[in-house]
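Going by the working numbering, 260 is the number at position 124 of the sequence shown; the sequence numbering is gapless.
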Amino acid sequence: MSPGLIFFLAILTGVVIGIVGTSVVFLARRNRAEVAALRNPHVPQGVEEVLRALPQTAIVADPSHNVVRASDNAYTSGLVSRPGRLTTDIHDIASRAWQTGNAVEEVVRVPRGPFGSVELTYRVRAALLEPRYVLILATDITESLRVEATRRDFVANVSHELKTPIGAVTLLAEAVKEAADDHDQVQYFSDRMLLEAERLARLTRELIDLSRLQAMDTLEEADDVEVSDIVEQAIELARVNAERKDIRVHAKITEGLVVWGDERLLLMCFQNLITNAITYSPVGSHIGVGARRLGDVIEVSVADRGIGISEDDQKRIFERFYRVDAARSRNTGGTGLGLSIVRHIIENHGGEIRVWSKLGSGSTFTVRLQSADARRSGRDETTESIRLPNKVTS
C-alpha cells in the first residue's frame, strides 16, 4: 500500500471519528436539554399568574398527558392523578383538543373519593396553549345542579301537597251548600272545613319557615342560648297536645349548657321534635328529654316509646313531605315538613341530628351542637392564626 493511500485513509478515519464524536456530543446535549425541559417545563410568560387568578380549576398538560402546571385543588378534585397525569376522562378531552386544534367542552363526572358512589360534576373546557401544551379549565357545577334538582322536586311536591287540602275545602264547601237545610250536616261539614283550613294554614306556614331556612344565614342574629330554657319552653308549647293524649314529658337537663345560635329557631327545632314524639306515641305513655355535655359538644335527646321507625324509613325521614305513616299523618294533620325543618335548623347551626329507632320500641332523636365557649375559643384561635404581620422581612 502506497504512502499516499495510507495518508488518505488516515484523514478519512479522522473525519469519520470527528463526525461521530460531534454527533454523540450533540445528542447527549439534546437529551440533557429534553430531560431538563421535562423536569422544569417552560410555559408562556404570564400563564402562571393567570392560573392563580382564575376561579376555575386550571391545568396545563403536555401531549403525553403529563401535568405541567395546575391549580392547588386540581389534585383533590379528582381531575389529576397522584403521579401527575390527567385522569382518563380528562385526557380524552385533551386528546380531542390536540387532534382537532379547536376548543373542546364537555360535562364530566368524577368520583368524589375512593369510597361510595358520590360524584362531582365538572364543566371541562380544553384548548391549545402555545407552544406545545393544552390548557384545561374545569368548573364545579355539582352544587348548581343539586340546587336545580331540589327546586324541581320542591315545586312538584308543593303542588301535590297543596292539591289535597284545597280540593277537600272545595268539596266540603259544595257539600255545605247542598245541605243548607240540614243543620247537623252543615255543622259536620263546617267542622271538617275548619280542620282542612287549619292543615292548609300549617302547611303554608311551614313552607315559609323552610324557605327562609334555606335562604338565610341562621347565625346572623345568634347569641348565647341556655339549653335548659329553650327545652322548657318547647315542652310548655307542646303541653296541650301532650295532655290531650295523657302523655307525660319528663326533662333531665344539666344546668349551664350553653350553645351559640338563634333562640327562636332552636325553640322551633325542639318543639317540632317533642310534638313529633307526642304524635307517634300511644296514649298514656311518657317522653324523655335529656341534655348533656361531651367534651365541646352538647347533646339534646328526645326519646319516646312510640311505634318506631323502620331502617328503610330512617334514611328518608328528613326529606321534605316524607311521612312514615301517611294514614296517621292525614288523621293528625301532619305536613311531612317538621323533621326537614329540624334538619335545616341544626345544619345551619353547624350541628348534626341522629336518629335511633326500633319498630314497636320507640325512637330517639339526638341533636349535637358545639358549645358556645368552644365555638368562641375556636373562632379566636382561627383569627389569631390568619393574622398577618405588619411587616414582612426576607
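Think of the CB as a built atom: it goes at the ideal place given N, C-alpha and C, for glycine as much as any other residue.
Same chain, Cβ closer than 7 Å to residue i, neighbours up to 5 away in sequence not counted
| i | result |
| --- | --- |
| N209 | T193 |
| A233 | A239, V240, A262, A263, L264, V270 |
| N377 | T411, I414 |
| A197 | V203, V204, L222, A230, Y269, V270, I272 |
| D432 | Q506, S507, A510 |
| K494 | G444 |
8 Å contact criterion, which residue i and residue j should meet: CB distance rounded
| i | j | result |
| --- | --- | --- |
| E332 | V305 | 5 Å |
| V436 | F457 | So it is not a contact: roughly 25 Å between Cβ atoms. |
| V478 | L409 | 6 Å |
| I389 | A413 | Between A413 and I389 the Cβ distance is about 16 Å, and since that is not below 8 Å, they are no contact. |
| Q369 | L403 | 6 Å |
| Y416 | D449 | Contact flag wrong, Cβ pair sits at about 12 Å. |
| V385 | A374 | 7 Å |
| Y258 | I277 | 7 Å |
| S207 | L187 | 6 Å |
| V243 | G214 | Incorrect: roughly 14 Å between the Cβ atoms, too far for contact. |
| L473 | F454 | Going by Cβ atoms, the distance from L473 to F454 rounds to 10 Å, so no, they are not a contact pair. |
| V283 | I371 | Contact flag wrong, Cβ pair sits at about 36 Å. |
Secondary structure of residue i, DSSP reduced to three states
| i | result |
| --- | --- |
| A285 | helix |
| R168 | Low local confidence applies: a pLDDT of 49 at R168 is under 50, so the model's placement there is unreliable, with the coordinate-based value given in what follows. Three-state result, R168: helix. |
| R380 | helix |
| L279 | The residue asked about is misnamed: residue 279 is Glu in this sequence, not Leu. In the structure shown, E279 sits in a helix (DSSP, three-state: H, G or I). |
| E310 | helix |
| E520 | Summary for E520: the model assigns pLDDT 39, below 50, so the residue's position carries little reliability; its value from the coordinates is reported in the next sentence. Residue state, collapsed to three classes: helix. |
| N412 | helix |
| D359 | strand |
| R400 | helix |
| V270 | strand |
| V322 | helix |
Own chain residues within Cβ distance below 6 Å of residue i, not counting five before or after
| i | result |
| --- | --- |
| V419 | K381, D382 |
| I482 | I489, V503 |
| I443 | Y416 |
| G397 | A358, V361, H485 |
Cβ shell of residue i (< 8 Å), same chain only, five flanking positions each side left out
| i | result |
| --- | --- |
| L393 | E362, V363, S364, A427, R428, R429, I434, S507 |
| L281 | T257 |
From the options, residue whose alpha carbon lies closest to that of residue i
| i | options | result |
| --- | --- | --- |
| I272 | R205, W396, S499, G431 | R205 |
| T500 | D509, E241, V438, V322 | V438 |
| A339 | L298, R261, Q450 | Checking the sequence shown, residue 339 turns out to be Leu, not Ala. When each option's Cα is compared against that of L339, the closest is L298. |
| S497 | F325, R282, V270, I445 | I445 |
| L330 | E266, I302, D432, K494 | I302 |
| H201 | R288, H227, H422 | H227 |
Beta carbon proximity, residue i to chain B, threshold 9 Å
| i | result |
| --- | --- |
| L495 | Absent from the structure: chain B. Only one protein chain is present. |
(request) Return the chain-ordered ranges of every alpha helix (DSSP H) run that is complete within the stretch 433-510 and spans a minimum of 4 residues. (result) With a minimum length of 4 residues, the continuous alpha helix (DSSP H) runs that stay inside the stretch 433-510 are 447-450, 462-468, 474-484.
(request) Mind listing, in chain order, the continuous alpha helix (DSSP H) runs of no fewer than 4 residues lying wholly within the stretch 182-261? (result) 183-189, 224-236
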